[in-house]
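Notes for the one structure printed next.
Numbering (the numbering used here), first residue to last: 193 to 716.
Shown next, in the form of structure tokens:
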């Protein structure tokens, strides 16, 4: 039995909306999905509509709706055991997390999505689309090997279900692989992949099957042709519209990724036509998502354009910037895995520690951090052993505005993200707890106030650097941090802890007051 066979209500409307999605007409499909969501009582119909609506919202780039759409889809899927549903949902949630800059959540969803889709006993057409979306998420995260493996599974399942080969040819996945090679200095490798992508398009055109290409695929093929020409490869003048990069880029559907490729593709075609000044003007006037073709693509095209007008110093600067942006992505991915391993180790240590206090809650359920009770036991044990320490109070700035403007669900996401950021920048052996509300406490064993100050600066800088605009648009999130030394032992321990906490809390409030009182200057 296929997934859609389980749908007991509004099946025809859902199938029509699915067809619109496959034709890259996400805005029209989204309206149908919303009608079904608001009127059906069938759990499978509602789950399918919410799943596909999430896909449409991602295609349309409606970033502010991502969090709520993911939450609603998971709520609808919670009591439905079908592995396809959960696998496809995790694939889409990975794309949403990636676009929000939450790479740790993205990787978690990828792992869960692959496991669920791999456990489908009777894969069908919908399972093929699940693997396709999982491949897309792998590709955007620059896991190109995994992306190619997942899209091959989608292609095989699709062929068995009667889906044309052209549907899952996935030029966008190979295109991102190609430009990533160029961003890291391997232009020859990039040209080889782009030539192969263009060869597939020519094969489909000769076979008369190019009309079956999805509009989003047309845009990717068009950009591959334009990008290859911008690198100086000889490209024959197209005799057919299906091989004309300008036509392909202009007929790619309504997704934000298509819009981005069309804008960047115009700059590529200007470079290839010997109009580099026009390309620079185009690049200066457009805004594209860093996720479509990588954060480095805009800078790399600028380098090619500057080289075209003979400004080799500017071209070199742009190339260095492109390489730095590409490297930063690799560094962030490395940090996700290092942090993930550290979190698993810490979780195991905390699990063993919690077993000693069975029946008592020692962990904050929202952030996964130790709670106030665990904090008190930790500090009591440390000070009773005569170990010096500094205690710090970390309070969020802007949190009330988050809850007021975006709701408590977004507030919970901010708290979870801040908890992860603080954990990431602490020294080995430091202790982090959620004290309550929007307040966290850090304990620095063996530290002095100078070291504490450096830790505080790292926490503040890391929180400020997060992409809060994609999580809570319009509200910057920061922290104020105050520290105090813990001094005391024996009978005076309780008083010493209380005194240190009060001093740290007062210092935090002074820091917050100073930051609010700091004068602001208009941008020049």
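C-beta atoms are modelled at their ideal positions from N, C-alpha and C, and glycine is treated no differently.
Here the region 591-600 makes no contact with the region 631-643; the two share fewer than three CB pairs at distances below 8 Å. The beta carbon of residue 319 sits closer than 7 Å to those of 276, 309, 312, 349, all from its chain and outside the five residues before and after it, given in chain order. Using a Cβ distance threshold of 8 Å, residue 258 and residue 200 do not count as a contacting pair. By the Cβ test, the region 553-570 is not in contact with the region 658-666, since fewer than three Cβ pairs between them sit closer than 8 Å. Note on the region 246-270: whole alpha helix (DSSP H) runs with a minimum of 4 residues are 258-269, in chain order.
In the three-state DSSP reduction, residue 588 falls in the strand class (E or B).
Within the same chain, 238, 239, 242 come within 6 Å of residue 268 by CB-CB distance, once the 5 residues on both sides are set aside. Going by beta carbons, residue 648 and residue 673 fall inside the 8 Å limit. The beta-bridge partner set that DSSP reports for residue 438 is empty. Residue 561 and residue 282 have their C-alpha atoms spaced approximately 24 Å apart. Considering only 635, 590, 585, 629, the residue with the shortest C-alpha distance to residue 572 is 635.
In this structure residue 485 is buried. Its beta-carbon is surrounded by 16 or more other beta-carbon atoms within 10 angstroms. Counting only residues of its own chain and dropping the five nearest sequence neighbours on each side, residue 401 has a CB closer than 6 Å to the CB of 358.
Here residue 652 has 671 as same chain residues with Cβ atoms under 6 Å from its own Cβ, once five neighbours each way along the sequence are excluded. For the 8 Å CB-CB criterion, residue 695 and residue 627 do not form a contact. Judged by DSSP secondary structure, residue 424 falls outside any beta strand (DSSP E); it is assigned neither H nor E. Assignment of beta-bridge partners to residue 623 by DSSP yields 635. The residue from 273, 377, 297, 373 with its alpha-carbon nearest to that of residue 262 is 297. If you check the CB distance, residue 453 and residue 444 come in under 8 Å.
Close CB contacts of residue 327 within its chain, under the 7 Å cut and outside five residues either way in sequence, are with 339, 342, 343, 346, 362, 365 (chain order). A straight-line Cα-Cα distance of about 48 Å links residue 376 and residue 204.
Residue 675: member of the beta strand (DSSP E) spanning 670-678, first to last residue.
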